[in-house]
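Since the structure comes first, as structure tokens, the remarks are kept for the end.
Chains as they are written, first to last, in the working numbering: chain A, 50 to 164; chain B, 252 to 364.
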């Protein structure tokens, strides 16, 4: 089966600019996650969707980050305006459902560099 | 919220030796503990997981143990090979608050010839 797709793979922007990332989960997966992985650290959950509803966005910096999953399939994550500390790999993952019985499959990530 | 600590941050072993990576978690409600392997520039991939009703699980050269009382779990890799070189992340899933997965900080494993 096709895996989780993400684009772009790399993005370089200047601080205060805006950027958007796209994710297409594995077909049939109801749950979609966006993680931020700073170099040398583990992935940190930013937001979790169950179909098109938000389950957890407690660690999403809502003053600059937004995400949507309008039709319960693809998702976009936006940063506006970007800061230097946003430089990281943004990973999208999906699972059949939520909870420990459902393995999370990760996409290749988008490496963001903010100058 | 859940806090996962992982040690060591780097580990170097000779090919054929065993490698052990340890993690502790803070929330006793966490009930699912996956381990991910991430090669340089690639996506994390699940290699093994364990649920809180099991104390040990093995899959060929990889095993995971869980001590719920002490709230720690470990990854054991035997007969290490150069292709085992990667960053390994442990994680803990808390069923409360939307089943959020909290990751450790990672262990860079290097298997030397």
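Every residue, glycine too, gets a C-beta built ideally from N, C-alpha and C.
Legend entry - Meets three-Cβ-pair contact criterion under 8 Å: the region 113-130 of chain A and the region 66-75 of chain A: yes
Legend entry - Short CB-CB distance (under 8 Å) between residue 157 of chain A and chain B: As a position in the first chain, residue 157 of chain A is number 108, starting the count at 1. Closer than 8 Å to some Cβ of chain B, the Cβ of residue 157 of chain A qualifies, so yes.
Legend entry - With 16 other Cβ atoms within 10 Å as the buried cut-off, status of residue 268 of chain B: Translated into the one-based positions of the second chain, residue 268 of chain B becomes position 17. Under this definition residue 268 of chain B is an exposed residue.
Inset, instruction - Measure the CB-CB distance between residue 137 of chain A and residue 161 of chain A and report whether it falls below 8 Å. - result: Numbered from 1 along the first chain, position 88 holds the residue referred to as residue 137 of chain A. Numbered from 1 along the first chain, position 112 holds the residue referred to as residue 161 of chain A. Between residue 137 of chain A and residue 161 of chain A, the C-beta gap is smaller than 8 Å, which places the two residues in contact.
Inset, instruction - Report all residues from its chain with a CB closer than 6 Å to the CB of residue 273 of chain B; omit the five preceding and five following residues, and keep chain order. - result: Residue numbering aside, residue 273 of chain B sits at position 22 when the second chain is read from its first letter. Taking residue 273 of chain B as the centre and dropping the five residues before and after it, the same chain places the C-beta of 258, 325 closer than 6 Å to its C-beta, in chain order.
Inset, instruction - Just the chain A side, please: which residues come within less than 9 Å of residue 355 of chain B by C-beta, in chain order? - result: Indexing the second chain from 1 puts residue 355 of chain B at position 104. What residue 355 of chain B touches in chain A: 91.
Legend entry - Opening and closing residue of the beta strand (DSSP E) in which residue 87 of chain A lies: Walking along the first chain from the start, residue 87 of chain A turns up at place 38. Looking at the DSSP string, residue 87 of chain A is not in any beta strand (DSSP E), and its letter there is neither H nor E.
Inset, instruction - Could you tell me which chain A residues have their CB closer than 7 Å to the CB of residue 340 of chain B, listed as they occur along the chain? - result: Counting from one through the second chain, the residue named residue 340 of chain B turns up at place 89. Within 7 Å Cβ-Cβ: 91.
Inset, instruction - Take residue 118 of chain A and list the residues in its own chain whose beta-carbon comes closer than 7 Å to its own, dropping the five residues that flank it on each side. - result: Working through the first chain from its first residue, we reach residue 118 of chain A at position 69. Contacts found: 81, 98, 101, 124.
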